[in-house]
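These notes are about the structure you will find just below.
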Amino acid sequence: MKIRKKIISLLTIGIISSVALTGCKSSTDSTKVLNVYNVGDYIDEDLIAKFEKETGIDVLYETYDTNEMMYQKVKSGSTNYDLVFPSDYMVEKMRNEDLLQKIDFKNIPNMKYIDKSFLNPVYDPDNEYSVPYMWGTFGILYNKKMVKEPVDSWDILWDPKYKGNIMMFDSVRDTMAIALKKLGYSMNTTNPKEIEEAKELLMKQKDLVLAYVNDEGKDRLLGEEVAMGIIYSGDAVTLMEQNPNLAYVIPKEGTNKWVDAMCIPKTAQNKKEAEMFINFLLEPENAKQNAEYIGYSIPNTGAIELLDEQTTENPVAYPPKKLLDKCETFIDLDDKIKLYDRAWIELKSK
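As structure tokens, this is what we get:
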């Protein structure tokens, strides 16, 4: 799972954690209620207040850290969340397991603002269960003072002269995807031979890697402790604003183009309110405000027209089509994920 969060203060984390302890409300608690479950700091909470004021709907907002955490809570049936924000592959998994209900798009006229390239995705081919929320890529963030040569390929992560100056994701799908793309394979392959090759390639690289990290790696890159690391595009935008010595590249072999979506669980008790909130977030002014707060790319054409050119012409946030055409979206591999898990355990244990 990609933890796609802004770099936030401990104070904010404390506030979010306290909110997450309040629990779901049912329609018996209030005449109008909406239970929202989202990744931490993945919405401008001023928009929640605005929605409440405009509609009179009481929003209970809770947060989670990973797709898997959200999935387990929804699957348990012990909660009544009305709106969740899964990533692409998790939308597919939840749809296949009948954990989501179809969205009534008659209640979401602002769907007209979603760019056509995001419609009928592989994880929701009939466009029935999800609405795109944010999107982005992952690539290499490097320090231009430490790396003088052109960076355009995953190959640089295997260059011996950067031994001890490389950080990789502590994530099986993401890191295996890098090796697979370097080898010219699909990041969604279920071919045991290709997965084994990717593992062996990462084994050869392991001695060069300083650490396998997640969010903590951002501070090291920002503080110029390492020459390069893997990062998500939205975080790259934020870090590059804070340190002009940093640069981001999508390697020529391609990478993951991820999409986070808005979905309504099968157990939702307030479907109409959830659809109202989705439509509210798609309103161009609101989507623009949300994108500026979060820092990630949006699939909303109306909002993009309102963003400044510095944002929309930034190739980190909105890469050229020729690069995006080489990118893939993760799909749910079902029980075949065991092939990746086995390879990852072998890699990390040696």
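Every position in the sequence shown, counted from 1, becomes a number in my numbering once 11 is added.
By construction, the Cβ of each residue, glycine as well, lies at the ideal position given by its N, Cα and C atoms.
By the 10 Å Cβ neighbour count, where 16 or more other Cβ atoms means buried, how is residue i classified, buried or exposed?
i    : result
L22  : Reliability of the predicted coordinates at L22 is poor, the pLDDT of 35 falling under 50, and no value is obtained from them.
V128 : A quick correction: the sequence has Ser, not Val, at residue 128. Exposed is the call here.
I309 : buried
E73  : buried
K217 : exposed
P97  : buried
K104 : buried
T39  : Note on T39: pLDDT 49, under 50, position unreliable in the model; the coordinate value appears next. Exposed, since its Cβ has fewer than 16 Cβ neighbours within 10 Å.
L293 : buried
T33  : At T33 the pLDDT is 43, less than 50, meaning the model places this residue with poor confidence; the figure from the coordinates comes in the next sentence. T33 comes out exposed.
G245 : buried
K333 : exposed
N176 : buried
E286 : buried
Using a threshold of 9 Å, state whether the C-beta atoms of residue i and residue j are closer than that.
i    : j    : result
K268 : G147 : yes
Q112 : Y144 : no
N91  : Q280 : yes
Y307 : I54  : no
V85  : L45  : no
L317 : P295 : yes
D93  : P276 : yes
V397 : W355 : This structure cannot settle anything about residue 397, because the visible part of the chain is limited to 12 through 361.
T312 : Y173 : no
T322 : F149 : no
F341 : A190 : no
I68  : F288 : yes
What does DSSP give as the partner residues of residue i in its beta bridges?
i    : result
I241 : I151
I119 : Paired residues: none, contrary to the question.
L168 : L168 pairs with nothing; no bridge assigned.
V44  : D69
K268 : T148
A285 : For A285, which the question treats as bridged, DSSP gives no partner whatsoever.
Report whether the distance from the Cβ of residue i to the nearest heavy atom of the ligand GTP is below 8 Å.
i    : result
E139 : Looking at this structure, you won't find the ligand GTP or any other ligand, since it has none at all.
Between the stretch 198-205 and the stretch 255-262, are three or more C-beta pairs nearer than 8 Å? no
Please give me, in chain order, every unbroken run of the beta strand (DSSP E) with length at least 3 that falls completely inside the stretch 173-235. 177-180 and 220-224
Pair every Cβ in the stretch 296-304 with every Cβ in the stretch 239-258, then say whether three or more of these pairs are closer than 8 Å. no
What are the start and end residues of each continuous alpha helix (DSSP H) run of 4 or more residues lying completely inside the stretch 65-116, in chain order? 78-87 and 99-107
Does the stretch 112-124 come close enough to the stretch 151-161 that 3 or more CB-CB pairs lie under 8 Å? no
Can you find at least 3 beta carbon pairs, one from the stretch 76-85 and one from the stretch 250-259, that sit closer than 8 Å? no
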